[in-house]
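J.: Residue numbers (this note's numbering): 377 to 1285. From the three backbone atoms N, C-alpha and C, an ideal C-beta is built for every residue, glycine too. Got a structure for you, questions after.
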């Protein structure tokens, strides 16, 4: 048999012969009872799920053998290695059995024995894609994975390790870097996108779309397509498979963002909460290098966050029919930069000034952005703007005024309530006397009433009975819920304030989701309960991850900052994270942006053209070429009308067409495929190795000292004690944050909007009159809240517990050791220097205040890249001077030389 093995029989004929299936009159095939779904339009078997890939090589070809989970069905992908500059990938559509694949491999070994035979190279779990720099192509493979979530019996995996291998034979640049230094440099830049951090994939669940889309789309294969906005390896896959729309078995989309999953344990009944964040690949980049919007309407730091809550009595999405399991709910939020043309110059200032680069009187880019939002989420789009409104030196307010004018212009042409704009200075509310969490919860209830959330089936009967009891007449049962519209939250960076707001909105959504499932008797969950603490931890991890990806550091202000908890420790953390974010933005973001542009295909290396590192900036990599102007859109009817037309939910679209009997029973079957993937009946497993068994749970918040009978194991019980509330008052935290919430939960009213109680306003008087001044002095107007807060301040020391010796419950409080150290500092010989600091704080302090001094000088002096301009050394010295003196020393010569160099580079371009 020749080295280039080709199957000589047509796929359909060979499949019938291999399986032993006999053709019946009328074209029917007899087979065991196992069923498989067929596409009625194309009469083509649904895709074979490949989840293990073995790469073999000969002298002239790569052979990738893909197998399903049970290792019983196989396909082959052939990659030509004889032409380094061209990529020739051949997909073999034939499905082989294990015996047949062994025969093929043996034939390839015999046929290529004279040229070295057939060698096994590596075993992988997925193909990331193909990439070419200045020479030949490379293939990127997933070599390690770990399960991080389970939805409907379908696993979601995190990429733990990848490898990149050259396709052309004899390419070993790492051994001879002088052969082509540009190629090696491109490889290093490409590897700066660390695929082992926050990249996810699934073999059988479409993680590029929301749960609502996946459970309501028609089942036909022709109706299936990935959301390319979130497929980060789209460019890499298109190099080998031309298009993601051909639904090849070898295509494995990868998203970048965050995935976390925990379960609420309610006396043995498990409710699973899943958080999925999808980062857009359009206009993606680092914090100060990607701001605002591009001329295509895509914004920076565009992240879609989905909160899925499901009851796990039934694992699958299906019961009697397709996607009819009523125990799945989800709620989607969005964050993204302000859709204006604005930027911040990357200089040595910790907070560079904000500049609006271009003012469009018709706001065309913002119109494109919100038109895309309508297509993705429907209406209404609720824009929650959290930037500052009053500042000593106007920064954020400049954008706030322009954004307000933008929303006024766009919304005037739309029907009422399609596009809502709410501006709320969250920082001002935090510094003042307002209850940020309480106000935000009020807003959230409004937003949920406007957009709704997704529920896959009918509501719990107990909720219907409650409405009947309240209304006094029979009530119709709601059969399903759909989310129409989304809350779009933003601050300046869309990080700290945005994440705190999304957490509060997510908390309110969680209450409604649990209520819809019949888990709780009111659509509300109390603060400081185990279930809210679990959700808070998930959103903190979510916020830290998004902040690291975009800003280079963890969150600076968490929800505790807005609740004014742990203030004696939060300031040091804020300072460290601010320094860390500043350092990364000033020195590391440029390399990070180059890596993203190369990975996403925004820049493709070409012969006899500028290299990536030679470009003065990447503006034209993310915006339209001015030589090719797109058709001008209407300035008045700026939205796509068809998108917002009301459509009836046609249930018949979701019915399965008759399925043809099939011998194989694997992951391809939409009904039973999850069973093979999740339960793996042919593999011996144990609970200790099962992901669902080891999932994080609210039980981790139960103290080890809890005694059966005396401890309330409900995850909805508030855990803060009155004694702990007294302790928390020392830090200035308001009483309601610590005490159990005994107030009646707020009810959501769809017809009427919630009215937030306002403080009494002072009467307007003429300040020029002496009588008015005297009257205000003698009769000051004080609100009841201010009077209550003053009395609390005066009386807070009367019954204060100074030590934990009198009450053992105080020592169990999370912040007790901080409080004890703070109170005992007066007994130390030197209260300032002898105060104990955690080891981790000392380490972080050394890393960010001492090490940069030596590292900066070594890197600046030793790098040949900056020998001519010496610019990097000056930046590091300025940074060092700022750390020592607090003042910024700017070298004007370096800046002038740098600007001249940029002008020269632009002219050359």
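Can you list, in chain order, the residues of its chain whose CB lies under 6 Å from that of residue 933, leaving out five sequence neighbours each side?
T.: Within the chain shown, residue 933 is the residue found at index 557, counting from 1. Result list for residue 933: 872, in chain order.
J.: Ignoring anything shorter than 3 residues, give me the beta strand (DSSP E) runs that lie fully in the stretch 741 to 785, in order along the chain.
T.: Runs found: 757 to 761.
J.: Do you know how far the Cα of residue 428 is from the Cα of residue 440?
T.: Locating residue 440 in the chain shown gives position 64, where the first residue counts as 1. Locating residue 428 in the chain shown gives position 52, where the first residue counts as 1. Roughly 10 Å separates the two Cα atoms.
J.: Alpha helix (DSSP H) containing residue 514: first to last residue?
T.: For the purposes of this step, residue 514 is taken as the residue at position 138 of the chain shown. It is not in any alpha helix (DSSP H) - residue 514 instead sits in the beta strand (DSSP E) that spans 513 to 527.
J.: What does residue 830 pair with, by DSSP beta-bridge criteria?
T.: Here residue 830 refers to the residue found at position 454 when the chain shown is read from its first residue. DSSP lists 706 as partners of residue 830.
J.: Can you grab the Cα-Cα spacing for the pair residue 609 / residue 619, in whole Å?
T.: As a first step, residue 609 must be located in the chain shown, where it is residue number 233. As a first step, residue 619 must be located in the chain shown, where it is residue number 243. Each residue's Cα considered, the two are about 12 Å apart.
J.: Check residue 1071 in the structure and name its three-state DSSP category.
T.: In the chain shown, counting from the first residue as 1, residue 1071 sits at position 695. Looking at residue 1071 - three-state DSSP - the assignment turns out to be coil, as it is neither helix nor strand.
J.: Leaving out five residues on either side along the sequence, give the residues of the same chain with a beta carbon under 6 Å from the beta carbon of residue 1199.
T.: The residue you call residue 1199 lines up with position 823 of the chain shown. There are no such residues.
J.: Do you know how far the Cα of residue 623 is from the Cα of residue 600?
T.: Here residue 600 is taken as the residue at index 224 of the chain shown, counted from 1. Here residue 623 is taken as the residue at index 247 of the chain shown, counted from 1. Taking the straight line joining both Cα atoms gives about 8 Å.
J.: Can the beta-carbon of residue 515 be found less than 7 Å from the beta-carbon of residue 541?
T.: Sequence index remark: in the chain shown, residue 515 carries index 139 (1-based). Sequence index remark: in the chain shown, residue 541 carries index 165 (1-based). Taking 7 Å as the Cβ cut-off, residue 515 and residue 541 qualify as a contacting pair.
J.: Helix or strand or just coil, what does DSSP make of residue 1278?
T.: Taking the chain shown and counting its residues from 1, one reaches residue 1278 at position 902. Caution applies to residue 1278, whose pLDDT of 45 falls short of 50 and renders its modelled position unreliable; the model cannot decide the point.
J.: Please look up how many angstroms separate the CB atoms of residue 681 and residue 631, rounded, as I've assumed it's under 8 Å.
T.: For the purposes of this step, residue 681 is taken as the residue at position 305 of the chain shown. For the purposes of this step, residue 631 is taken as the residue at position 255 of the chain shown. In fact, because the Cβ distance is near 12 Å, the residues do not count as touching under 8 Å.
J.: Answer yes if the stretch 797 to 806 comes into contact with the stretch 769 to 785, meaning at least three C-beta pairs across the two stretches below 8 Å, and no otherwise.
T.: Flag = yes, the stretch 769 to 785 and the stretch 797 to 806 touch.
J.: What whole-angstrom Cβ distance do residue 857 and residue 829 have, given they're in contact under 8 Å?
T.: The sequence position of residue 857 within the chain shown is 481, counting from 1. The sequence position of residue 829 within the chain shown is 453, counting from 1. Indeed, because the Cβ distance is near 6 Å, the residues count as touching under 8 Å.
J.: The beta strand (DSSP E) that contains residue 542, what's its start and end?
T.: What you label residue 542 is simply residue 166 of the chain shown in a count that begins at 1. Counting along the chain, the beta strand (DSSP E) containing residue 542 begins and ends at 530 to 542.
J.: Can you say whether residue 1084 is buried or exposed, counting buried as having 16 or more other CB atoms within 10 angstroms of its CB?
T.: Translated into positions along the chain shown, residue 1084 becomes position 708. Under this definition residue 1084 is an exposed residue.
J.: Quick check on DSSP: helix, strand or coil for residue 496?
T.: Here residue 496 refers to the residue found at position 120 of the chain shown. Residue state, collapsed to three classes: strand.
J.: Where in the stretch 844 to 885 do unbroken runs of the beta strand (DSSP E), each at least 3 residues long, occur, reported from the N-terminal end onward?
T.: Entirely contained in the stretch 844 to 885, the beta strand (DSSP E) runs reaching 3 residues are, in chain order, 862 to 866.
J.: How would you label residue 633, buried or exposed, when you count the other beta carbons within 10 angstroms and need 16 or more for buried?
T.: By 1-based counting over the chain shown, the position of residue 633 is 257. Classification for residue 633: buried.
J.: Could you give the residue range of the beta strand (DSSP E) that holds residue 642?
T.: Translated into the one-based positions of the chain shown, residue 642 becomes position 266. 631 to 642 is the span of the beta strand (DSSP E), which, as asked, contains residue 642.
J.: In the DSSP assignment, the alpha helix (DSSP H) including residue 617 goes from what residue to what residue?
T.: Position 241 of the chain shown, counted from the start, is the residue given in the question as residue 617. Here the alpha helix (DSSP H) through residue 617 covers 610 to 617.
J.: Compute the Euclidean distance between the alpha carbons of residue 659 and residue 462, then round it to the nearest angstrom.
T.: Along the chain shown, read from residue 1 onward, the residue named residue 659 stands at position 283. Along the chain shown, read from residue 1 onward, the residue named residue 462 stands at position 86. Straight-line Cα distance between these residues: approximately 29 Å.
J.: Confirm, please, whether the CB-CB distance from residue 917 to residue 536 is below 7 Å.
T.: Taking the chain shown and counting its residues from 1, the one referred to as residue 536 is at position 160. Taking the chain shown and counting its residues from 1, the one referred to as residue 917 is at position 541. In this structure, residue 917 does not lie closer than 7 Å to residue 536 by Cβ.
J.: With residue 505 as the anchor, note down where its beta strand (DSSP E) starts and where it stops.
T.: Taking the chain shown and counting its residues from 1, one reaches residue 505 at position 129. Taken as a continuous stretch (DSSP letters only), the beta strand (DSSP E) holding residue 505 covers 502 to 508.
J.: In its own chain, which residues sit with a C-beta less than 6 Å from the C-beta of residue 710, not counting the 5 before and 5 after it?
T.: Position 334 of the chain shown, counted from the first residue, corresponds to residue 710. Closer than 6 Å at the Cβ level, and outside the excluded window around residue 710, lie 680, 862, 864.
J.: Just verifying my parser: in three-state terms, what is the DSSP assignment at residue 579?
T.: Stepping through the chain shown from its first residue, residue 579 is reached at position 203. Coil.
J.: In terms of alpha-carbon separation, which member of 450, 1068, 579 lies closest to residue 475?
T.: Translated into positions along the chain shown, residue 475 becomes position 99. Looking at the Cα atoms, 450 is the closest of the given residues.
J.: Count the other CB atoms within 10 Å of the CB of residue 888; is the residue buried (16 or more) or exposed (fewer)?
T.: Here residue 888 refers to the residue found at position 512 of the chain shown. Under this definition residue 888 is a buried residue.
J.: Taking 8 Å as the threshold, find out whether the stretch 710 to 721 comes into contact with the stretch 828 to 846 through three or more Cβ pairs.
T.: As far as the Cβ criterion goes, the stretch 710 to 721 does not touch the stretch 828 to 846, which means the pair count is below three.
J.: When we look at the beta-carbon of residue 1059 and count the other beta-carbons within 10 Å, is it buried (16 or more) or exposed?
T.: Counting from 1 along the chain shown, the entry for residue 1059 is found at position 683. Exposed, by the Cβ-count rule.
J.: What residue range does the beta strand (DSSP E) around residue 651 cover?
T.: As a working mapping, residue 651 is identified with position 275 in the chain shown. Run containing residue 651: 645 to 655, per the beta strand (DSSP E) assignment.
J.: Hey, quick one: how far does the alpha helix (DSSP H) through residue 921 stretch, first residue to last?
T.: Translated into the one-based positions of the chain shown, residue 921 becomes position 545. Residues 906 to 926.
J.: Indicate whether residue 430 and residue 499 have their beta-carbon atoms separated by less than 7 Å.
T.: Taking the chain shown and counting its residues from 1, one reaches residue 430 at position 54. Taking the chain shown and counting its residues from 1, one reaches residue 499 at position 123. Yes, Cβ-Cβ distance for residue 430 and residue 499 is below 7 Å.
J.: Just the Cα atoms here: how many angstroms apart are residue 1091 and residue 1080?
T.: Working through the chain shown from its first residue, we reach residue 1091 at position 715. Working through the chain shown from its first residue, we reach residue 1080 at position 704. When rounded, the distance between both Cα atoms is 16 Å.
J.: Leaving out the 5 sequence neighbours to the left and right, which residues in its chain are closer than 7 Å to residue 638 when beta-carbon positions are compared?
T.: Locating residue 638 in the chain shown gives position 262, counting from the first residue. Taken in chain order, the residues that qualify are 649, 910, 914, 1071, 1072, 1073.
J.: Hey, could you find the ends of the alpha helix (DSSP H) residue 803 is sitting in?
T.: Counted from its first residue, the chain shown places residue 803 at position 427. First-last of the alpha helix (DSSP H) with residue 803: 802 to 807.
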